[in-house]
Amino acid sequence: MTSVFSDKLLTWYQQNKRLLPWRDNPQPYLVWISEIMLQQTKVETAIPYFQRWIDRFPDIATLAEANQSEVLQVWEGLGYYARARNLHQAAKVIMERFNGQLPENPTKLRSLPGIGEYTANAIASIAFHQNYPALDSNISRVIARLIALDLPVSDKNAKQQIHEFVWVQLPNGKADQFNQALMELGALICTPRKPNCNQCPLISECQANQQNRQNQIPRRIPKKSLPHLTVTAGVIWQDRRVLIAQRPQNGLLGGLWEFPGGKLEKDESLHSCLLRELNEELNLPVNIEKKIGVYYHAYTHFKITLHAFCCYPVSRSSPLPLNHQALYWAELNELAHFPMGKIDRQIAHTISKESICLS
Ligand code: SF4
């Protein structure tokens, strides 16, 4: 049975949905990959990554057999690398425990690395046509406006009200269309700022619009300002090769390669910081020479300014991976084959293009 609400929503969706590479062919594997990519990434950004991923890993078996470096390399640039590591790990679990098939049941789906309640319900509804609502922050924002909720959507009570509303409206047998329609409405019309209510198929059902409070709902929690860290990194040369280090498996940028270095301590100069970090991480005394550049990046919980320098070992020696999984002396033309975070890739580009430390 459908309600007036869901009839209007589904009609609008049929007429306005975007053509997306995972939409017309909702095979479970494609739906899973797209949902993980879209967790922190906009559709337009995700599309080329999705196509590249599917070309390289066309099915679960291929993904399970790949090595992690290759997986991270295909993901490079999308950020939140735990998503790629979890996809890879989950593919292995699916091969071992689920006979190579993504399970249909949301509880079993949630037992896989990287799949929470939203993603499990999205896959169960879109790929397996099961009747589960998929509530993420976008859909919660739309519902909060429809019911003029006076709470932040992260509030426990708010979640309960949103949940109840969506279960009442969910049309039996059409959860795949319903969930995607709400996602699309949140992306195209009921956007976080300045929703385009005049184009909205649900305007006559929307309490926020009737109260002219669509720009105040949902209530926002003031953001804390992010801590700012100053960091140094050494591009260490020996025999026209440069030293790169693989970060520990778990944690920020886990498994990616970097130019070693670390955080500036109170009252420390940039050079002292770099000398200390390279000793602590590699047991490697170096001479620091020219500066390569200054790089900025904002992560979810902090921002960094990184100062990169050319360095040369004081004497011929073998550094030790005291804080890393592995170390490698790379030729410049090999750097492209090692997955790196944004700043390290920028440094790699700079030294490759400008031969900056070789002159
Ligand atoms: S009428 Fe406006 S606020 Fe209400 S759901 Fe539609 S776009 Fe969102």
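250 is the number of the first residue of the sequence shown in my numbering; add one for each residue after it. Note that CB positions come from ideal geometry on N, CA and C, so glycine has one too.
Taking the DSSP output, what are the residues bridged to residue i?
| i | result |
| --- | --- |
| Thr294 | Thr294 is not bridged to any residue. |
| Glu507 | Ala494 |
| Trp578 | Leu492 |
| Lys512 | Val480 |
| Met589 | Trp506 |
Please report the residue range of the alpha helix (DSSP H) in which residue i lies.
| i | result |
| --- | --- |
| Trp486 | No alpha helix (DSSP H) contains Trp486, which is instead part of the beta strand (DSSP E) from His477 to Gln487. |
| Arg359 | Pro355 to Arg359 |
| Glu526 | Leu519 to Leu531 |
| Pro277 | Pro277 to Met286 |
| Ser386 | Ser386 to Leu395 |
| His337 | Ala331 to Arg346 |
| His412 | Lys405 to Gln418 |
| Phe254 | Val253 to Asn265 |
| Val323 | Gln317 to Trp324 |
| Ile375 | Glu366 to Ile375 |
| Asn428 | Ala424 to Leu437 |
| Thr440 | That residue, Thr440, is in no alpha helix (DSSP H); it is neither H nor E in DSSP. |
| Glu314 | Ile309 to Glu314 |
| Asn458 | Gln456 to Gln459 |
Find the nearest neighbour of residue i within the set the options, judged by alpha-carbon distance.
| i | options | result |
| --- | --- | --- |
| Ala315 | Ile592, Ala339 and Ser521 | Ala339 |
| Arg272 | Met432, Glu514, Val402 and Leu531 | Met432 |
| Phe414 | Arg394, Val292, Gln426 and Glu580 | Arg394 |
| His546 | Lys540, Lys539 and Leu555 | Leu555 |
| Gly349 | Arg359, Ala313, Gly510 and Glu284 | Ala313 |
| Ile392 | Thr368, Ala373, Asn458 and Val342 | Asn458 |
| Asn536 | Trp261, Leu527 and Gly542 | Leu527 |
| Pro497 | Leu268, Asn572, Val323 and Ala383 | Asn572 |
| Tyr262 | Ile438, Phe347 and Asn499 | Ile438 |
| Leu581 | Pro382, Ala575, Cys606 and Ser564 | Cys606 |
| Ala557 | Gln574, Asp593, Met589 and Phe551 | Asp593 |
| Glu293 | Ser403, Gln463 and Leu269 | Leu269 |
| Pro476 | Lys602, Leu398, Lys512 and Val563 | Lys512 |
| Arg462 | Pro450, Arg346 and Pro444 | Pro444 |
| Ala371 | Gln448, Leu502, Gln460 and Ala430 | Ala430 |
| Leu519 | Trp506, Val543, Asn499 and Gly504 | Val543 |
| Ser566 | Glu603, Asp516, Ser601 and Trp486 | Trp486 |
| Leu524 | Ile553, Pro441 and Pro562 | Pro562 |
| Lys408 | Ser386, Val417, Phe427 and Arg267 | Ser386 |
| Pro467 | Tyr548, Lys473 and Gln456 | Gln456 |
| Leu419 | Glu454, Pro382, Thr440 and Cys446 | Pro382 |
| Gln465 | Pro534, Pro355, Gln448 and Pro441 | Pro441 |
| Pro341 | Glu517, Gly326 and Asp308 | The question names Pro, but residue 341 is Lys in the sequence shown. That would be Asp308, whose Cα lies nearest to the Cα of Lys341. |
| Glu353 | Leu501, His378 and Gln448 | His378 |
| Ser318 | Gln595, Ala597, Ile596 and Pro588 | Pro588 |
| Arg301 | Gln288, Val323, Lys291 and Trp281 | Val323 |
| Leu351 | Ala579, Gly504 and Pro275 | Pro275 |
| Gly503 | Ala369, Asp256, Ala331 and Ala295 | Ala331 |
| Ile303 | Trp578, Thr290, Glu325 and Tyr278 | Tyr278 |
| Ser564 | Asp399, Ile596, Ala369 and Asp488 | Asp488 |
| Lys291 | Phe347, Gly326, Pro534 and His598 | Gly326 |
| Trp281 | Phe254, Gln264, Ile343 and Asn265 | Ile343 |
Hey, could you find the ends of the beta strand (DSSP E) residue i is sitting in?
| i | result |
| --- | --- |
| Tyr561 | Lys552 to Pro562 |
| Ile537 | Val535 to Ala547 |
Taking residue i and residue j to be in contact with their CB atoms under 8 Å, please state how far apart those CB atoms are, rounded to whole angstroms.
| i | j | result |
| --- | --- | --- |
| Ala494 | Pro570 | 7 Å |
| Arg390 | Gly435 | 6 Å |
| Leu321 | Ala333 | 6 Å |
| Glu425 | Ile364 | Glu is not the amino acid found at residue 425; the sequence shown has Asp there. With a Cβ gap of about 17 Å, Asp425 and Ile364 do not count as contacting. |
| Leu336 | Ile285 | 6 Å |
| Pro568 | Asn532 | 7 Å |
| Val484 | Cys559 | 5 Å |
| Val402 | Ile411 | 7 Å |
| Asn380 | Gly422 | 7 Å |
| Glu530 | Cys522 | Contact doesn't hold; Cβ gap of about 12 Å is too wide. |
| Ser283 | Phe299 | 6 Å |
| Ala373 | Pro355 | 5 Å |
| Leu584 | Ser604 | So it is not a contact: roughly 13 Å between Cβ atoms. |
| Trp578 | Leu492 | 6 Å |
| Phe551 | Leu478 | 6 Å |
Is any heavy atom in ligand 2 found nearer than 7 Å to the beta carbon of residue i?
| i | result |
| --- | --- |
| Leu258 | Ligands present in the displayed structure are limited to ligand 1, and ligand 2 is not among them. |
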